[in-house]
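FYI, the numbering for the sequence shown is 5 to 137, going by the numbering used here.
Ideal Cβ positions, reconstructed from N, Cα and C, are used throughout, including at glycine.
All values reported here derive from a predicted model rather than from experimental measurement.
Inspection log for the structure reproduced underneath, given as structure tokens.
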Amino acid sequence: MQVIAEADPRSLKHPVIGYWESRLPETGCLESYWFKEDGSAVFTSGDEQLEAHYEVTQQPDEHGFFKLNHRVTLSNKAQDCTRQTSEVNSEQTSFLLFKPDGSSFISCDNDDPSLASCFGPIELKNNASRSLH
Numbered sequence: 005m006q007v008i009a010e011a012d013p014r015s016l017k018h019p020v021i022g023y024w025e026s027r028l029p030e031t032g033c034l035e036s037y038w039f040k041e042d043g044s045a046v047f048t049s050g051d052e053q054l055e056a057h058y059e060v061t062q063q064p065d066e067h068g069f070f071k072l073n074h075r076v077t078l079s080n081k082a083q084d085c086t087r088q089t090s091e092v093n094s095e096q097t098s099f100l101l102f103k104p105d106g107s108s109f110i111s112c113d114n115d116d117p118s119l120a121s122c123f124g125p126i127e128l129k130n131n132a133s134r135s136l137h
């Protein structure tokens, strides 16, 4: 007799896929991150709106971090929550550490387990199985 377990639909996709939001504690400024399954992403931060191409490791490293690289493909050149602007073709590497239930992650400049270079939490608002409307 064969037993078939029902798979969690999120386990078939990368945990980063979905629409995420975070508010900066100092200013309340809203940042959003929409990671699509096709490797494209849309980011907003303050008045800034970016489109990007991203790559993320399929498995976390020994400290539990996923390595995320993204390259800006389109920018409205407005200021983000930290009064910075991003240039087209600029690249950034971040290290993401997810809560075990996948409901949020923190983003770090490196995969140092001390978490000294991290910000967040960045909270999941909806994953790829739900509509944004």
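Whose C-alpha, out of the options, is nearest the C-alpha of residue i?
{"i": "V60", "options": "L119, N130, S118, L101", "result": "L101"}
{"i": "L34", "options": "C85, T89, Q62, K71", "result": "C85"}
{"i": "L128", "options": "D116, S108, D113, S121", "result": "S108"}
{"i": "G43", "options": "S49, G50, G32, E55", "result": "E55"}
{"i": "G124", "options": "K81, P104, P29, Y23", "result": "P29"}
{"i": "S98", "options": "A82, N80, D105, F69", "result": "F69"}
{"i": "N80", "options": "C122, G50, T31", "result": "G50"}
In or out: residue i buried (at least 16 other Cβ within 10 Å) or exposed?
{"i": "S118", "result": "exposed"}
{"i": "D65", "result": "exposed"}
{"i": "E52", "result": "buried"}
{"i": "S94", "result": "exposed"}
So what does DSSP say about residue i, is it helix, strand or coil?
{"i": "P125", "result": "strand"}
{"i": "A56", "result": "strand"}
{"i": "H18", "result": "coil"}
{"i": "H67", "result": "coil"}
{"i": "C85", "result": "coil"}
{"i": "S118", "result": "coil"}
{"i": "T97", "result": "strand"}
{"i": "V46", "result": "strand"}
{"i": "E25", "result": "strand"}
{"i": "N80", "result": "coil"}
For my contact list, residue i and residue j are in at a C-beta cut-off of 8 angstroms; report their separation, rounded to the angstrom.
{"i": "T77", "j": "H57", "result": "6 angstroms"}
{"i": "P47", "j": "I21", "result": "The identity of residue 47 in the sequence shown is Phe, whereas the question assumes Pro. With 8 angstroms as the limit, F47 and I21 do not qualify as a contact, their Cβ atoms being about 14 angstroms apart."}
{"i": "I110", "j": "Y37", "result": "No, I110 and Y37 are not in contact; Cβ-Cβ is about 13 angstroms, not under 8 angstroms."}
{"i": "H67", "j": "Q96", "result": "The Cβ separation is near 20 angstroms, so there is no contact."}
If you follow the beta strand (DSSP E) that residue i is part of, which residue opens it and which one closes it?
{"i": "C112", "result": "108 to 112"}
{"i": "S36", "result": "34 to 39"}
Would the C-beta of residue i count as close to the ligand FAD, meaning under 6 angstroms from any of its heavy atoms?
{"i": "D84", "result": "This structure does not include the ligand FAD; it has no bound ligands of any sort."}
Answer with yes or no whether the minimum CB distance from residue i to chain D is below 7 angstroms.
{"i": "E41", "result": "Given the protein chain composition of this structure (a single chain), no chain D is represented."}
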